[in-house]
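**Student:** Position in the first sequence (first residue = 1) + 26 = this note's numbering.
We treat Cβ as the ideally placed atom computed from N, Cα and C, and that holds for glycine.
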Amino acid sequence: MELRFYNSYSRQIEDFRPIEPGKVRMYHCGPTVYQRPHIGNYRAFLFADLLRRVFEAYGFEVQQVMNLTDVGHLLNDADEGEDKLEAQARKDQVDPWQIVETVSQQFFADLDALGVRPAHHYPRASDHIPEMVTIIEALIEKGHAYRVGDNVYFDVSTFPRYGQLSGNKVEELEAGARLEINEEKRHPADFALWKSDPKHIMKWATVFGEHGFPGWHIECSAMAEKYLGKHFDIHTGGEDNVFPHHECEIAQSEAANEQTFVNLWMHTRFLQVDGGKMSKSLGNVYSLDDLAERGYSAWDYRFLVLRGHYRTQVNFTWEILRSAKESRAKLADWRSRLQAAMRGGAADSPASIGAVTTARQAFDAAIADDLNTPEAVAALFTLRNELVHAGETGTGTSEAALALLDHADAVLGLFEPTADASEDPNALSDAQVEALIAERAEVRAAKNWARADEIRDALQAAGIVLEDTASGVHWHRS
RNA sequence: GGCGGCGUGGCCAAGUGGUAAGGCAAGGGAUUGCAAAUCCCUCAUCCCCAGUUCGAUUCUGGGCGCCGCCUCCA
């Protein structure tokens, strides 16, 4: 399976070539843990999970790192400004580190609810100050950075490729700079590597001074290098990270290490809400709890995200979420029917088995083509339609289709794990279900509607779905 | 001001130079004691204009509209 991905850096779709055969090392820009991430944030994290799942499904060994930014940075690169975490802390009248703990726990709980496979490392910026200082010192040593008092800036003029990722030109950054003029910098586009301010709560004593804290890009360079090396395969983030964050990371890491930092840069477009940007003032910044309150599982949201390509803006409305929920439920229902059919022992038709093979190829081709998840999902429904139209209930075909659904589930994350029914003492055995259905048929024939409905309700309560078709009663577990 | 994306049926969303996947919703029908579930059927010519072409939704140019990034933000 030849995977192809769009590389933000080259602006082209490229064949994926891992640095080490069979292995992939990825870094994902994670959340700033100053308030609970909203569903928009999770689009980017679900994308990281999709990559993880795709690589694992196609046999790669994955090393995945996602940082937690717990050292809020300045509000902007022009300097003065308040640390985001400290601002939140003052508002809540708590210690900033307490916010970090609380939000981090919410974050991990949300990831779990979304079915995200845990990354191998979730490093925190505050635990990697020495690593950051090492890089900054190297940059100064090599003439890529300069000190002004207790502050350190990256000298953009020493890195000709600056602007390559984002398409910005240094001259235009200067011209169109909305940044306030910082007299300390040699060039307006220079960015801070290290800042000092005695008033900060979250600060560290280093060679640069007693009251310092890192600039807002250096943490990722430091942590990526520590866990993945100076050169690794993939780095992801939201579209907003392209500039300045990732642009600056490239400059820092490549200037310091004198080698390519990352082979493949991938960015997700923003999630829209009601056709526009989500914002607190519009009251459309939702958390997973807001979805749950309206009866939607995190998995429904996950499916909504999957139904749009990661490089297009996906819109979120309650109607769209409902659509995603219904669609996903249909897939789950189909899976249950296939499980019942697999036990049925009916003969297979060769044409149907061929349809499963075709569907699997279509699914894989869609995924391999820059993660075309909408098309991959469509391939599943196409197969469903074909098998249903053909009235196919063959054991082998059902088994093959189920194998495809398992594969799709591994890649996309479609089905919410449910408690194992076999461990439920109240669960009905197949024989019990069959017996109840038989009794219902008898009492219906005798027009004993009360008892018939009682059985129907009991079966429904036990998670049994009945289908009263012309060819008899079929059933499967929901 | 700089950079970028998008405009496909009521909603969402793939896609290809040769007349448009899939999902949701909707309408009709079958089945049914009622219901649910299920099954069948119906439902677009792809923003507008011009050009290239035998032929464009798909290529080029222009227009209109929408959205995003450039500033904390996934």
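Between which residues of its own chain and R503 is the CB-CB distance below 8 Å, once the five residues before and five after are set aside?
**Tutor:** By 1-based counting over the first sequence, the position of residue 503 is 477. Result list for R503: S362, Q365, A366, A447, G489, I490 and V491, in chain order.
**Student:** May I have the straight-line CA-CA distance separating V97 from F133, to the nearest angstrom?
**Tutor:** Along the first sequence, one-based indexing puts residue 97 at 71. Along the first sequence, one-based indexing puts residue 133 at 107. One C-alpha to the other measures close to 16 Å.
**Student:** Figure out for me which residue from W360, Y322 and Y35 has the closest Cα to the Cα of A350.
**Tutor:** Residue 350 sits at position 324 when you count from the first residue of the first sequence. Of the listed residues, the one whose Cα sits closest to A350 is Y322.
**Student:** Are there three or more Cβ pairs, one per stretch, closer than 8 Å when the stretch 256 to 265 is compared with the stretch 52 to 66?
**Tutor:** Flag = yes, the stretch 256 to 265 and the stretch 52 to 66 touch.
**Student:** Roughly how many angstroms lie between the CA atoms of R37 and L77, to the nearest whole one?
**Tutor:** Position 11 of the first sequence, counted from the first residue, corresponds to residue 37. Position 51 of the first sequence, counted from the first residue, corresponds to residue 77. So the two alpha carbons sit approximately 19 Å from each other.
**Student:** Measure the CB-CB distance between A394 and M27 and report whether it falls below 8 Å.
**Tutor:** Mapped onto the first sequence, residue 394 falls at position 368. Mapped onto the first sequence, residue 27 falls at position 1. Yes.
**Student:** Cα separation between E198 and A145?
**Tutor:** The residue labelled residue 198 in the question sits at position 172 within the first sequence. The residue labelled residue 145 in the question sits at position 119 within the first sequence. C-alpha separation (whole angstroms): 38 Å.
**Student:** Verify whether the separation of the beta carbon atoms of L165 and Q278 is less than 8 Å.
**Tutor:** Numbered from 1 along the first sequence, position 139 holds the residue referred to as residue 165. Numbered from 1 along the first sequence, position 252 holds the residue referred to as residue 278. For L165 and Q278, yes; Cβs fall inside 8 Å.
**Student:** Tell me where the beta strand (DSSP E) around G235 begins and ends.
**Tutor:** Taking the first residue of the first sequence as 1, we reach residue 235 at position 209. Run containing G235: G235 to P240, per the beta strand (DSSP E) assignment.
**Student:** Report buried or exposed for H415, applying the criterion of at least 16 other Cβ atoms within 10 angstroms of its Cβ.
**Tutor:** Here the question's residue 415 lines up with position 389 in the first sequence. H415 is exposed by the Cβ-count criterion.
**Student:** Tell me, please, which residues DSSP counts as bridged to H502.
**Tutor:** Within the first sequence, the letter at position 476 stands for residue 502. According to DSSP, H502 bridges with V491.
**Student:** Between the beta-carbon of T343 and the beta-carbon of D300, is there less than 8 Å?
**Tutor:** Mapped onto the first sequence, residue 343 falls at position 317. Mapped onto the first sequence, residue 300 falls at position 274. Cβ distance < 8 Å, so T343 and D300 count as in contact.
**Student:** Please classify S313: does DSSP put it in a helix, a strand, or coil?
**Tutor:** Translated into positions along the first sequence, residue 313 becomes position 287. Three-state result, S313: coil.
**Student:** Any idea if P149 is buried or exposed, counting beta-carbon neighbours within 10 angstroms, 16 or more meaning buried?
**Tutor:** Position 123 of the first sequence, counted from the first residue, corresponds to residue 149. The residue is buried, with at least 16 neighbouring Cβ atoms inside 10 Å.
**Student:** At what residues does the alpha helix (DSSP H) containing S130 begin and finish?
**Tutor:** Counting from one through the first sequence, the residue named residue 130 turns up at place 104. P122 to A139 is the extent of the alpha helix (DSSP H) around S130.
**Student:** Is the beta carbon of T399 less than 8 Å from the beta carbon of L308?
**Tutor:** Numbered from its first residue, the first sequence carries residue 399 at position 373. Numbered from its first residue, the first sequence carries residue 308 at position 282. Not in contact: T399 and L308 (Cβ atoms no closer than 8 Å).
**Student:** Could you tell me the alpha carbon to alpha carbon distance between Y179 and L314, rounded to whole angstroms?
**Tutor:** Residue numbering aside, residue 179 sits at position 153 when the first sequence is read from its first letter. Residue numbering aside, residue 314 sits at position 288 when the first sequence is read from its first letter. Going by the C-alpha atoms only, they are around 39 Å apart.
**Student:** Taking the alpha carbon of V437 as the point to measure from, which residue in A467, V459, A484 and R386 has its own alpha carbon closest?
**Tutor:** As a position in the first sequence, residue 437 is number 411, starting the count at 1. With distances taken between Cα atoms, V437 lies closest to R386.
**Student:** What runs of the beta strand (DSSP E), each 3 residues or longer, lie entirely inside the stretch 61 to 92?
**Tutor:** If we require 3 residues or more, the beta strand (DSSP E) runs fully inside the stretch 61 to 92 come out as 87 to 92.
**Student:** With F217 as the anchor, note down where its alpha helix (DSSP H) starts and where it stops.
**Tutor:** Here residue 217 refers to the residue found at position 191 when the first sequence is read from its first residue. First-last for F217: F217 to S222, but that is the beta strand (DSSP E), not the alpha helix (DSSP H).
**Student:** Report the three-state DSSP secondary structure of I227 (helix, strand or coil).
**Tutor:** Within the first sequence, residue 227 is the residue found at index 201, counting from 1. Correct three-state label for I227: coil.
**Student:** Quick one: grab the DSSP three-state call for T338.
**Tutor:** The residue you call residue 338 lines up with position 312 of the first sequence. In the structure shown, T338 sits in coil (DSSP, three-state: anything other than H, G, I, E or B).
**Student:** For M368 and M249, I'd like the C-alpha separation in whole angstroms.
**Tutor:** Reading the first sequence from its first residue, position 342 is the one you call residue 368. Reading the first sequence from its first residue, position 223 is the one you call residue 249. For M368 and M249, the distance between alpha carbons rounds to 49 Å.
**Student:** With a cut-off of 8 Å, do at least 3 Cβ pairs link the stretch 236 to 252 to the stretch 154 to 174?
**Tutor:** A contact exists between the stretch 236 to 252 and the stretch 154 to 174.
**Student:** Please name the residue, chosen from A74, H170 and N474, that lies closest to E284 on a Cα-to-Cα basis.
**Tutor:** Walking along the first sequence from the start, residue 284 turns up at place 258. Taking only the C-alpha atoms, the option nearest E284 is H170.
**Student:** Does the distance from the CB of V382 to the CB of A426 come in under 8 Å?
**Tutor:** On the first sequence, position 356 is the one that residue 382 refers to. On the first sequence, position 400 is the one that residue 426 refers to. Contact flag set, yes.
**Student:** According to DSSP, V159 sits in a beta bridge with which residue or residues?
**Tutor:** Taking the first residue of the first sequence as 1, we reach residue 159 at position 133. V159 pairs with nothing; no bridge assigned.
**Student:** Expressed to the nearest angstrom, what Euclidean distance is found between the alpha-carbon atoms of I65 and F86?
**Tutor:** In the first sequence, the residue the question calls residue 65 occupies position 39. In the first sequence, the residue the question calls residue 86 occupies position 60. Cα-Cα distance, rounded: 29 Å.
**Student:** In three-state DSSP terms, what is M368?
**Tutor:** Here residue 368 refers to the residue found at position 342 of the first sequence. If DSSP states are grouped into helix, strand and coil, M368 belongs with the helices.
**Student:** Can you list, in chain order, the residues of its chain with a C-beta nearer than 7 Å to that of P63? Leave out the 5 residues immediately preceding and following it.
**Tutor:** Here residue 63 refers to the residue found at position 37 of the first sequence. So the qualifying residues of the chain are P57, F133 and D136.
**Student:** With N267 and Q298 assumed to form a contact (beta carbons below 8 Å), what rounded beta-carbon distance in angstroms separates them?
**Tutor:** Position 241 of the first sequence, counted from the first residue, corresponds to residue 267. Position 272 of the first sequence, counted from the first residue, corresponds to residue 298. Their Cβ separation, rounded to whole angstroms, is 18 Å, which puts N267 and Q298 out of contact at 8 Å.
**Student:** Report the CB separation of G189 from E273 in whole angstroms; it is logged as a contact under 8 Å.
**Tutor:** What you label residue 189 is simply residue 163 of the first sequence in a count that begins at 1. What you label residue 273 is simply residue 247 of the first sequence in a count that begins at 1. About 7 Å separates the two Cβ atoms, so the contact holds.
**Student:** Give the single residue among S222, D118, N411 and R410 whose Cα lies nearest to the Cα of Q61.
**Tutor:** Counting from one through the first sequence, the residue named residue 61 turns up at place 35. Answer by Cα proximity: D118.
**Student:** What did DSSP end up calling N208 once you bin it into helix, strand or coil?
**Tutor:** Walking along the first sequence from the start, residue 208 turns up at place 182. If DSSP states are grouped into helix, strand and coil, N208 belongs with coil.
**Student:** So, with DSSP's three-state summary, where would you put Y172?
**Tutor:** Locating residue 172 in the first sequence gives position 146, where the first residue counts as 1. The answer is strand: DSSP assigns Y172 an E or B state.
**Student:** Name the residue from T421, R79 and F389 whose alpha carbon lies nearest to the alpha carbon of T408.
**Tutor:** By 1-based counting over the first sequence, the position of residue 408 is 382. It is F389.
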